[in-house]
Each structure stands twice: as C-alpha cells, then as structure tokens.
Amino acid sequence: MRRICTAAVLLVLVLALSAASAQSTNVHDLAALEAFFDGIFAVQLAGNKVPGAEVVVVSDGQILFSKGYGYADLENKVPMVPGITLHRPGSNSKLVIWTAVMQLVEQGKLDLYTDINTYLDFSIPSDTISRKDVPPITLHHLMTHTAGFEDEVAMVFVSRPELLKPFGQYLKEHLPARVFTPGSVMAYSNYGAGLAAYIVELVSGQPFAEYAQEHILTPLGMDSASFDQEFSPSLAQRLSKGYRYEAGRFVAGDMEYVQNYPAGGLIASSHDMARLIMSLLSLGELPPAAEPAEELEEGQEQEGESMARLLTEETARKMQTQQFAGHPQIPGMTYGLIESEYNGYRVLGHGGATLLFSTGLYFLPEENIGIYVVYNSPGQSELHSSLMAAFMDRYFPSEAAGQEPRPITQGTEANYTGVYHSSRSNFTGIESVLRVLQPLTVTVDAEGYLVLSAYGETRRFGEISPGLFQELNGAGKVAFSFQDGKAERIVMPGPSTWLRTPWQQSPGFLIPLTCAAVLFMLGTIVGWIKGLFRTRPRRSSFFLPKAVALVFILLFITIVVMWGELLAATHPAYDIPLLVLEPSSTLKAVLLLTKILMGLGTLMLVTAVYVIVAKKGTVWQRIHYALLTLSALSVNLILWQLNLW
1 MRRICTAAVL LVLVLALSAA SAQSTNVHDL AALEAFFDGI FAVQLAGNKV PGAEVVVVSD
61 GQILFSKGYG YADLENKVPM VPGITLHRPG SNSKLVIWTA VMQLVEQGKL DLYTDINTYL
121 DFSIPSDTIS RKDVPPITLH HLMTHTAGFE DEVAMVFVSR PELLKPFGQY LKEHLPARVF
181 TPGSVMAYSN YGAGLAAYIV ELVSGQPFAE YAQEHILTPL GMDSASFDQE FSPSLAQRLS
241 KGYRYEAGRF VAGDMEYVQN YPAGGLIASS HDMARLIMSL LSLGELPPAA EPAEELEEGQ
301 EQEGESMARL LTEETARKMQ TQQFAGHPQI PGMTYGLIES EYNGYRVLGH GGATLLFSTG
361 LYFLPEENIG IYVVYNSPGQ SELHSSLMAA FMDRYFPSEA AGQEPRPITQ GTEANYTGVY
421 HSSRSNFTGI ESVLRVLQPL TVTVDAEGYL VLSAYGETRR FGEISPGLFQ ELNGAGKVAF
481 SFQDGKAERI VMPGPSTWLR TPWQQSPGFL IPLTCAAVLF MLGTIVGWIK GLFRTRPRRS
541 SFFLPKAVAL VFILLFITIV VMWGELLAAT HPAYDIPLLV LEPSSTLKAV LLLTKILMGL
601 GTLMLVTAVY VIVAKKGTVW QRIHYALLTL SALSVNLILW QLNLW
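In structure tokens form, the structure reads like this:
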C-alpha cells in the first residue's frame with residue numbers, strides 16, 4: 001500500500017506537470033507551489049485514510065508557504081489551520097534537547113567528550129551485557145545515537161496521567177542494557193535523548209521543560225509550544241485529534257501522555273516548528289519576531305527579541321556537521337540531525353512519530369529552504385518521505401547521472417543472504433521477540449541483484465562500488481560491511497544499522513522449532529486422552545514421568561493463553577497492547593509462571609535420564625518420553641532466547 005501511494009503521488013505530479021507545462025519550477029512561485037502540494041495531499045489523505053495534514057515551507061528567514069488540508073476534528077469539522085492547530089511533533093522534540101546541550105557546551109558547563117556519569121546523579125554501568133568493559137558514554141555518543149543502549153518501547157508513553165513518574169525516577173528505573181561499544185554502531189535511542197535532557201536539568205538547575213521554555217522556545221517565538229504534560233484549556237482546545245482507520249471508520253484519540261517527554265512530548269503548531277527550522281537555517285540566529293496573533297494566550301507577552309542568537313554560528317555549524325557515519329558513502333548523523341541525500345543535495349532533518357501523529361522536518365542548509373509536514377494519523381513516515389522526494393524531484397532535480405547498479409559477482413550470493421535485525425532492538429527483555437517478528441531478509445534474485453525485504457516492503461539493489469549498493473528504481477543506498485568475507489552489517493542512511501542474526505535466533509530456526517515442539521506436545525495430550533479409554537492394563541511405573549510432563553504441558557498452555565489475553569487487551573484509541581502503556585500484574589504473573597516452566601523442563605530432563613538409565617516402562621515409552629523432553633527443552637530454549645522468562 002505504501003509503495004502504491006508513493007507511485008500515485010508521483011503520478012499525480014507528472015500529470016500536473018504535463019497538463020500545465022508552463023507551471024514554474026521556482027519554489028518562490030507560490031501559486032505553482034500550492035498546486036503542487038494540493039495534488040499530493042489530495043492523493044495522500046484519501047489513499048491512506050488520513051483526516052488532516054499541514055505543510056509549511058520556509059526560506060530566507062520567513063514562512064514562504066503554509067496550508068492545512070482536511071480536519072483536525074472530524075466530528076465538529078474543525079479544519080487544520082497552520083499556526084493555530086496544535087499537534088505532537090514526536091521525535092522532532094529532540095531537536096530542542098540537542099540545542100539545549102549545545103547551549104551549555106558553549107557556556108563551558110558541559111563537555112561533549114566527558115563521561116556522562118560525571119553529570120548524572122546515578123551511574124551508568126561500565127560493561128555491556130557480554131561483560132565486556134567498554135569506554136564510557138559521552139554526550140557525543142548520545143547526540144549521534146552511538147551510545148550502545150538497547151531499545152525499550154514500554155512506558156515511553158503511558159495510558160493515564162496518574163502513571164507519569166518524575167522524569168529522573170523514570171530514567172533510573174528504566175535504564176536499558178548496554179549492548180554495543182560506544183561509538184561503534186548507530187542505534188536510535190529515545191532513552192539516550194532523555195538522558196541528555198536530564199543532564200541539562202542537573203547542570204542548569206531547571207526542569208527540562210522550564211529550561212526549554214526559557215532558553216529556546218520563547219526566544220524563538222514558538223509561542224504555542226510547550227513540554228508541559230498538563231497545559232492550559234486554551235491550548236488544549238487547539239490540539240488536533242489523532243486518528244487511526246479501522247473497520248471502515250476513524251477512531252479518534254485526544255491526549256497522549258509521554259513519560260520520556262523531552263524525547264517526544266512537545267506540543268506545537270506547524271508555524272512554531274517552522275521557526276525552529278529558520279533558526280537552524282540561519283545557524284543559530286533568531287528568526288524575525290512573529291506577528292502578534294491569536295496564537296498568544298491572554299496576558300502572554302512576546303519575549304526573546306533582545307536575544308540575538310540561540311547559538312553562536314560556530315556552534316551551530318558544528319551541530320550541523322557530520323559527526324558519525326557507518327560508511328563514508330552513506331549519510332549519517334550530525335549532532336542530533338539525521339543526514340539524507342536527495343538528487344545529490346544534502347538534506348538534514350528528523351522524523352517524528354507518536355501514537356497519534358506523524359511528522360517530518362527537512363531542510364537544505366546550502367539552499368536555505370526547509371519543509372515541515374504533519375499528519376494527524378500514526379505510522380505515516382512513508383508519506384512525508386515520499387512528499388519530500390517529490391518536492392526534491394520537482395524543485396531540486398538531479399543534475400548528475402548516477403552510476404549504473406550492477407549485479408553482484410556470481411558465486412558470492414551466500415556472502416550476503418540471510419536474516420538481519422535492527423540495532424535498534426531489545427536484547428535483554430521480553431521485547432526481544434520483536435527481533436523475530438520484524439526481520440530484514442536478504443536474498444539474491446535470478447538476475448543477481450540483492451532483494452531486501454522488511455516491514456512488508458521489498459526493494460532491489462545493485463552494486464555501484466565494493467560493498468556499496470544503489471536501489472534499482474529508487475534513490476536509496478545501503479552499504480555492507482564484512483567479516484571473514486561474509487556480510488555482518490548493513491548500514492543505511494541516518495541512525496539505521498542492521499546486524500546479521502545468529503542462526504539460533506533467526507525466525508527460520510525458532511518458528512519451525514516452536515511449531516514442531518507444540519505439535520508434538522499436543523499430539524501427546526491427544527494420545528494420552530485416548531489412552532484413558534483403553535482397557536489394556538497400564539504400567540504404573542511410568543505414572544510419575546507422565547505427571548511431570550502433563551504439568552509442563554498444561555502450564556505451557558496456560559502461559560500461552562495468558563499471553564494471548566495480554567496482547568488482546570488493547571488501548572481503544574491507540575490499538576496497541578495495554579502492557580506497553582501501563583504496569584501489568586498479569587505480565588508479572590506470566591513471567592513467574594514461565595520461570596516455573598523452565599524449572600519443570602529441567603525436572604523433565606532429569607526424569608528422562610532416570611527413565612532411560614533405569615529402563616522404566618517400555619522401549620516405546622522411553623523413546624516417546626525422550627522426544628517429549630526434547631520438545632519441552634525446545635520451548636524453554638525459545639523462551640530463553642527471547643527473554644520471555
């Protein structure tokens with residue numbers, strides 16, 4: 001569907017250009033620019049069941065164009081109005097964190113290369129999960145997403161305001177494991193961003209929301225923007241609803257409660273975000289004061305005009321300079337900004353996603369132009385990516401011919417093929433199961449091109465230089481790094497790295513093993529039930545081994561049913577399991593029962609050894625029990641591999 005939508009958007013653009021060939025390709029031709037966006041959003045909103053969107057284009061320190069499409073409130077027919085309608089920018093909130101860090105670096109209060117334990121009131125462990133001592137984490141690592149933390153989704157958002165904890169307490173209670181050596185692998189981390197915000201709190205002596213308001217949001221004239229999780233009724237009534245489409249209808253959500261609020265809890269208008277882009281384009285200089293508008297709350301004054309700059313030009317340039325890349329030819333990270341390349345142009349920006357909104361922020365430093373787009377529907381990253389691609393194709397087309405992608409060398413297929421998992425994964429908790437459910441598979445087609453498949457999307461790549469691949473019929477690039485001649489890592493633009501999955505953790509091993517073990521245990525239960533109705537005498541000497549196995553199987557079935565209930569209990573507006581949004585006593589009970597199951601599996605192994613050595617029961621009974629024990633141990637192995645115990 002996403003591919004179809006992208007193609008449809010581009011088709012509309014081509015048709016529009018064909019029908020009006022005299023239409024200007026100068027971005028300052030506002031009539032043509034409006035027609036361009038009108039065509040794209042007409043397709044995107046209808047084709048993807050998105051109720052509303054806004055787009056803002058900035059250039060030369062001012063808003064060049066802004067327009068809303070569709071509705072912020074479907075029921076009451078409230079339109080999306082740039083500068084008035086509020087939304088959650090999601091991870092674009094992080095740009096405020098990184099700006100705050102750089103302000104304190106300028107003041108000499110923070111150093112980018114000092115162990116962050118120097119600033120914290122709790123300690124980050126010095127070793128990884130493999131018990132390997134690694135260098136300390138620095139702010140440089142946090143700002144480039146190379147600190148090496150595993151990912152954790154649970155409790156980043158919570159379902160009710162009373163579940164929100166003090167920010168520092170949350171960080172201490174949810175410290176993720178260290179899984180990579182700092183500075184070695186890019187792995188996007190909400191926690192790492194939150195940690196940087198907490199350091200700002202501790203060093204400045206102000207809560208982050210207060211610091212951000214005083215030193216960044218107000219000076220920038222972002223008058224509607226706030227990190228407060230409880231804001232005034234006048235702002236609340238301007239907040240767009242977020243929608244998901246299900247069973248032929250739109251389901252609305254109102255307020256999101258963000259526990260790690262600096263990393264994704266900002267509320268703002270699209271014009272507020274435009275002013276942030278203007279500051280980035282002007283290398284820290286404050287944009288011209290916004291005209292007084294109904295955006296200001298009653299009694300609120302326009303502030304910040306006396307402050308000439310947000311950052312010095314030198315600091316702003318440093319913030320926008322590449323600081324880490326997984327491959328020299330693949331865009332990487334600046335301090336907090338994600339690099340990308342469109343038609344040979346360097347683009348900086350960030351994406352944002354919450355449970356209700358999707359946003360994209362892009363700017364071209366050398367061309368002095370930027371775009372911000374918001375959709376009041378989750379999971380629409382492909383839409384803002386395709387919009388940006390269409391914008392670049394229209395106004396900044398490629399002038400140079402690229403290298404022709406070629407098939408890989410015949411006979412090297414095995415060096416690439418396999419299953420990979422994202423570096424942004426969980427490795428020590430129950431969320432590890434997502435690595436099995438969200439793999440990236442690499443195959444080679446009959447023509448010798450690499451085929452990468454992930455998240456229901458498939459793309460083909462050809463080699464353009466050793467280890468570097470260009471997408472066929474697309475602009476994407478990926479790079480492979482090798483160990484002993486075999487690809488071990490796939491580097492993609494921005495903080496996106498994929499690592500080869502060990503065979504014992506791959507879906508191709510775990511899923512068939514699970515199915516085989518479960519089918520054998522179910523078949524055993526059926527056989528035992530049938531045996532109850534047979535009249536032949538039973539050997540009582542085999543009663544105890546069967547009893548242990550029966551308890552294992554029944555407990556396993558109980559755990560599966562409880563997991564099913566946990567996953568079926570979803571939030572009505574977000575359609576995600578409640579266990580992601582709030583503490584669950586049922587989850588604690590399931591994990592306790594799983595530990596008991598692991599113990600029963602060990603007991604079955606001991607029993608199986610005893611049965612075989614003592615020659616209890618018939619030969620068939622001993623063989624069957626050995627196979628049943630292997631099934632139980634297989635289940636335990638899977639639970640252990642996925643940390644589901």
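Counting from 1, one number per residue, gives the positions in the sequence shown under the working numbering.
Even glycine gets a Cβ: it sits at the ideal position worked out from N, Cα and C.
Burial is judged here by how many other beta carbons sit within 10 angstroms of a residue's own beta carbon; Thr602 has fewer than 16 and is exposed.
In chain order, Phe149, Glu150, Glu152, Tyr191 place their CB closer than 6 Å to the CB of Pro176, counting only its own chain and leaving out the 5 sequence neighbours on each side. The residue from Leu440, Arg346, Arg424, Glu447 with its alpha-carbon nearest to that of Glu413 is Glu447.
Here Ser398 is exposed. Its C-beta has fewer than 16 other C-beta atoms within 10 Å. Tyr257 places its beta carbon 9 Å or farther from that of Phe396. A check of alpha carbon separations from Thr354 across Tyr243, Gly336, Leu142, Phe363 identifies Tyr243 as the nearest.
If the five residues before and after Pro161 are omitted, its C-beta is found closer than 6 Å to the C-beta atoms of Tyr257, all from its own chain and listed in chain order. The stretch 485–503 makes no contact with the stretch 602–621; the number of CB pairs closer than 8 Å stays below 3.
When Cβ pairs closer than 8 Å are counted between the two stretches, the stretch 185–201 is seen not to touch the stretch 447–467, the count staying below three. With a minimum length of 4 residues, the unbroken runs of alpha helix (DSSP H) contained wholly in the stretch 249–293 fall at 261–264, 270–281.
Collapsing the DSSP output to three states places Pro79 in a strand. In this structure, Met273 places its C-beta atom within 9 Å of the C-beta atom of Pro89. Leu266 places its beta carbon less than 9 Å from that of Phe227. With distances taken between CA atoms, Ile553 lies nearest to Leu628 out of Leu628, Pro493, Met562.
Excluding five sequence positions before and after Phe509, the CB atoms of its chain that fall closer than 6 Å to its own CB belong to Trp503, given in chain order.
For Phe480, DSSP records a beta bridge to Ile490. A straight-line Cα-Cα distance of about 8 Å links Met388 and Tyr362. In this chain, the beta strand (DSSP E) harbouring Lys67 covers 62–73.
The secondary-structure analysis by DSSP pairs Val58 across a beta bridge with Ile63, Gly370. The Cβ atoms of Pro507 and Val419 sit closer than 9 Å to each other. With 16 or more other Cβ atoms inside 10 Å of its own Cβ, Val200 counts as buried. Uninterrupted alpha helix (DSSP H) stretches at least 4 residues long and entirely within the stretch 162–237 occur at 167–173, 190–204, 208–212, 233–236, given in chain order. If you draw a straight line from the Cα of Arg275 to the Cα of Val96, it is about 12 Å long. Note: Ala32 is not bridge-paired with any residue in the DSSP secondary-structure output. By the criterion of a C-beta distance shorter than 7 Å, Leu555 is surrounded in its chain by Leu593, Ile596, Leu597, Leu600, once the five residues flanking it on both sides are discounted. When secondary structure is reduced to three states using DSSP, Asp121 falls in the coil class, being assigned neither helix nor strand. Listed in chain order, the non-local C-beta contacts of Gln323 below 8 Å within the same chain comprise His140, Met143, Thr144, Gly332, Met333, Thr334, Tyr335, local neighbours out to five positions each way being set aside. Between Leu195 and Leu86, the C-beta gap is not smaller than 9 Å, which leaves the two residues out of contact. The residues Leu364, Glu366, Glu367, Met392, Phe396, in chain order, have a CB closer than 8 Å to that of Tyr345 in the same chain once the five nearest residues on each side in sequence are set aside. Bounds of the beta strand (DSSP E) holding Gln470 are 468–471.
Between the C-alpha atoms of Met155 and Lys165 there is a straight-line separation of about 10 Å. Restricting attention to beta strand (DSSP E) runs no shorter than 3 residues, the stretch 358–434 encloses them at 358–364, 369–375, 418–422, ordered along the chain. The bridge partners DSSP lists for Ser496 are Met492.
By the Cβ rule, the stretch 378–388 does not count as touching the stretch 522–529, because fewer than three pairs are nearer than 8 Å. Around the beta-carbon of Leu45, 16 or more other beta-carbon atoms lie within 10 Å, marking it buried. According to the DSSP assignment, His141 belongs to the alpha helix (DSSP H) that extends over 139–143.
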